[in-house]
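Q: Chains as they are written, first to last, in my numbering: chain A, 42 to 328; chain B, 601 to 963.
Please see the structure below; I have some questions.
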Amino acid sequence: MSQGPNMVVCIKQVPDSAQISVHPVTNTIMRQGVPTIINPYDLFALEAALKLRDQLGGKVTVLTMGPPMAASALRKALGHGADDAILLSDRFFAGADTLATSYALTAAINKIGAERPVDIVFTGKQTIDGDTAQVGPGIARRMGLNQLTYVSAIPSIDLEAGEISVHRRAEGGVQVLKTKLPCLITMLEATNELRRGSLPDVLRAERAEIKVWNAEAAGVEDLGKCGMKGSPTKVSKVFAPKPRAEKAKMITAEDGAPASVAAAAVETLLDADPRLLSVLTKQTTVA
Amino acid sequence: MAQAPAAPPAKGRKKTEELPEHLKAYKNVWVFVELEHGRVHPVSWELLTEGRKLADALGVDLCGVVLGPKAEGTEKAVAEAFHYSANRVYVIEDPLLAEYRNEPYTKAMTDLVNKHKPEILMLGATTLGRDLAGAVATTLQTGLTADCTELAIDDDKSLAATRPTFGGSLLCTIMTRAARPQMTTVRPRVMAMGDPDRGRTGEVVREPLDMAEESIVTKVLDFIPDSDTNQAQLAYADIVVAGGMGLQRPENIRLVVDLAQVLGAEYGCSRPLVQKGWMTADRQIGQTGKTIRPRLYIACGISGAIQHRVGSEGADQILAINMDPNAPIFDFAHHGIVGDVLELLPALTEAFRKRLAVDRMAG
Ligand SMILES: Cc1cc2nc3c(=O)[nH]c(=O)nc-3n(C[C@H](O)[C@H](O)[C@H](O)COP(=O)(O)OP(=O)(O)OC[C@H]3O[C@@H](n4cnc5c(N)ncnc54)[C@H](O)[C@@H]3O)c2cc1C
């Protein structure tokens, strides 16, 4: 293989959740005017793909499923240097949970691969707004890709042999894994920093035509597996977290001096939890 | 007495909300006991504790699933699952399960589910549990609700799984009425761990893996343990001290570390400190960091945004120090001090040092 890996990066447009609030009376979400961003975790996936392209050549296609306005997320990704962008958009996709989402994305990735087989599919570790960490494994399973989650580094890739090795964050350590292409990689956060787009990329992105595929164009075979219909999970209610009944009791001291307040705080904490002292002395005598 | 009017025909629930006949045989609550390198991740015991409540509410058995190599650690995990109230444990012992890999673990779990048919399957939302849960749910074509913070049994005996959404500003309850098993993951330290009953035992059901190493594409070349790399152990710390933007400058992190040292505590931070590179990502507390559940949490110069709150409000006692009396942290902290952390932190360190010295002399 001389032409470098064919890569697809799945991204999602999400509301900037820092700016979402709940109406205090009606308890409904106030989303109006909340700006959208590319799911922050997906940026690490995009940069990882761009880095591989720097090394080996090849192609990076960004793919998203969402409403027409999600095109702006793709445009942004093009501005950072992605080669091609596809928006998967159809009312049949609305209300999809992770299972239905991975079904539709899989159809689209297969379609992209019809031209030239896809070697690596990238996703972020999770999204900030809803489905967490399952769309990646879902795609891998459906496409029969080797699944590499929580990847922190890609030390080697051998296109000739069709092999890749990665560092994968595990509980209590890092696994060094070797597997065959094609594979799916979910990138761990904070493993790289997304490059700024070059001026030509930014200009190209502004003018670029974003391909929009509906279910038919993406080659989706079973509409019953898409959207709300194809989602085994249903949201039964959405509500705001209960505020705690009591506010914090304030610790003060008559003279207001930090030392006096601190001494009062120590006594308050030890009084409130009689076993705390033994935990403290046990831990600190060793030191 | 007038005859009560005939009940209206049951409202035609959409097809996707009714449990198909062939899935009604699915019974019992299962918990995946996460075993790696001979050690069980404590989240497994937290899930068994929670699973016990669900099994009791349904009037069914609570079962553990242990996958691992034939080894002492595996047998110990089985015995301990009973201590944490499992009635039955399904075990697959095979050398191919020595190191976690998605392929053999997915096969082991889906085979067990297809044969023994649980109605609920719970896994820890660890890197291993999430990797496995996504693959298993897709293979079984069932619903999976991730990172749940509350689990309950609904009127129609379905699992009501509640999880934060929109960055923790809201909670949503999710149901999987028409597919089985109903799968969930729960992050470590979100559920409380019960006390083990060392006298308990139960039934062990062993099954084979039926797989050959040649058929597994992915190979583990190496495992680099974190003990070699100095990772923070926040999730299971008894005491945690954390700093936020109120610290103002990176050099003031020292004040947090000093207090933590005197208390034998772990230290952590809010997200902006990680973004600024003042602390490493493994020390971030909150929705996109670690969930902590210590005896004591001391939050210094942290505003208490919802994303921070969801990761820390499980602490038994929270002391917050903040200059702003209206900071949201005081809405969920138990004790508060209004003042400057840069003055109060050294004072608190000194006050604890003195208090502990007195106690040690006395003891
Ligand atoms: C999707 C998403 C995920 C997120 N995940 C997390 C997460 O996991 N964890 C997390 O922590 N945040 C998270 N955040 C960020 C979160 O919304 C807040 O922005 C963040 O927690 C604020 O950090 P802070 O309280 O340290 O800083 P600030 O909000 O800047 O607050 C600083 C506080 O310090 C006080 N202060 C200032 N000077 C002093 C002084 N000298 N003495 C005493 N007090 C002082 C101020 O009164 C203020 O309350 C997330 C946000 C988003 C959108």
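Note that CB positions come from ideal geometry on N, CA and C, so glycine has one too.
Bear in mind the structure is a predicted one, so any value in this text is a computation, not a measurement.
What residues match up with B:Y690 in a beta bridge as DSSP calls it?
A: B:V665 and B:V805
Q: Would the region 765-782 of chain B count as touching the region 724-733 of chain B if we require 3 or more Cβ pairs under 8 Å?
A: no
Q: What does the alpha-carbon distance come out to for the pair A:K266 and B:A779?
A: 13 Å
Q: For A:T168 and A:K53, which I take to be in contact (beta-carbon distance under 8 Å), what is that distance rounded to the nearest angstrom?
A: 5 Å
Q: Does the region 214-225 of chain A touch the region 83-102 of chain A, meaning 3 or more C-beta pairs lie closer than 8 Å?
A: no
Q: Give me, in chain order, the residues of the same chain whose beta-carbon lies closer than 7 Å to that of A:I251; leave out the 5 immediate sequence neighbours on both sides.
A: A112, L115, R116, A126 and L128
Q: Could you check what DSSP says for A:K278 in three-state terms: helix, strand or coil?
A: strand
Q: Which class does B:Y705 belong to by DSSP, given the choice of helix, strand or coil?
A: helix
Q: Along the alpha helix (DSSP H) that carries A:N151, what are the first and last residues, could you check?
A: Start and end: T139 to E156.
Q: B:L619 and B:V631 look like a contact to me (Cβ under 8 Å); what is the Cβ gap, rounded to whole Å?
A: Not really, about 22 Å apart at Cβ, beyond 8 Å.
Q: Return helix, strand or coil for B:Q875, following the three-state DSSP convention.
A: helix
Q: Output yes if chain B places a C-beta closer than 8 Å to the C-beta of A:T326; else output no.
A: Only weak support exists for where A:T326 lies, its pLDDT of 44 falling under 50; the coordinates are left without a value.
Q: Taking DSSP as the reference, what is the three-state secondary structure of A:N187?
A: strand
Q: In or out: B:P608 buried (at least 16 other Cβ within 10 Å) or exposed?
A: Any answer about B:P608 is weak, because its pLDDT of 41 lies below 50 and its placement is not dependable; what the coordinates show is given next. Result: exposed.
Q: Which same chain residues, not among the five before or five after A:P56, have their C-beta less than 7 Å away from its C-beta?
A: R72, V75, T77 and D170
Q: At the 8 Å Cβ level, is B:H622 part of the contact set with chain A, yes or no?
A: no
Q: On the three-pair Cβ rule with 8 Å, is the region 895-904 of chain B touching the region 788-804 of chain B?
A: no
Q: State yes or no: is the C-beta of A:E287 within less than 8 Å of the C-beta of A:Y82?
A: no
Q: Flag B:H717 as yes if its beta-carbon sits less than 8 Å from any beta-carbon of chain A, otherwise no.
A: The sequence as given places Lys at residue 717 of chain B; His does not occur at that position. At a cut-off of 8 Å between beta-carbon atoms, B:K717 makes no contact with chain A.
Q: So if I threshold CB-CB distances at 7 Å, which residues from the region 186-211 of chain A count as touching chain B?
A: N187, Q188, T190, Y191, S206, R210 and A211
Q: Could you have a look at B:E556 and say whether DSSP puts it in helix, strand or coil?
A: This structure cannot settle anything about residue 556 of chain B, because the visible part of chain B is limited to 601 through 963.
Q: Can you find a C-beta in chain A that's less than 8 Å from the C-beta of B:E950?
A: Yes, B:E950 counts as interfacial toward chain A.
Q: Under 8 Å by Cβ, that's how I've got A:A135 and A:G268 pegged, so tell me the actual separation to the nearest angstrom.
A: 5 Å
Q: At a threshold of 7 Å, does B:N852 count as lining ligand 1 (C-beta to nearest heavy atom)?
A: no
Q: Contact criterion: CB-CB distance below 8 Å. Does A:A137 meet it with respect to chain B?
A: no
Q: Please decide whether B:F632 counts as near chain A, where near means a Cβ-Cβ distance under 8 Å.
A: no
Q: Kindly identify the DSSP beta-bridge partner or partners of B:E646.
A: None, per the DSSP bridge assignment.
Q: With 9 Å as the C-beta to C-beta threshold (strictly closer), list the residues of the region 101-114 of chain A near chain B in chain order.
A: Across the region 101-114 of chain A, no CB contact with chain B closer than 9 Å is found for any residue.
Q: Given 7 Å as the limit, tell me if B:Q848 has its C-beta closer than that to any heavy atom belonging to ligand 1.
A: yes
Q: B:Y626 by DSSP, collapsed to three states: which one?
A: If DSSP states are grouped into helix, strand and coil, B:Y626 belongs with coil.
Q: Does the beta carbon of B:V926 sit closer than 8 Å to a beta carbon anywhere in chain A?
A: Per the sequence presented here, residue 926 of chain B reads as Asn, with Val not at that position. No, B:N926 does not count as interfacial toward chain A.
Q: Looking at ligand 1, does it come within less than 7 Å of A:S113, judged from the CB to the closest heavy atom?
A: no
Q: Out of B:A737, B:T784, B:T818 and B:L919, state which residue places its alpha-carbon closest to the alpha-carbon of B:V629.
A: B:T784
Q: If the cut is a Cβ gap below 9 Å, which residues of chain A does B:M775 touch?
A: T274, K275, V276 and S277
Q: Can you tell me the Cα-Cα spacing of A:F133 and A:L104, whole angstroms?
A: Going by the C-alpha atoms only, they are around 17 Å apart.
Q: Output, in chain order, the set of chain B residues within a Cβ distance shorter than 9 Å of A:K288.
A: Those within 9 Å of A:K288 in chain B are F930, D931, F932, A933 and G936.
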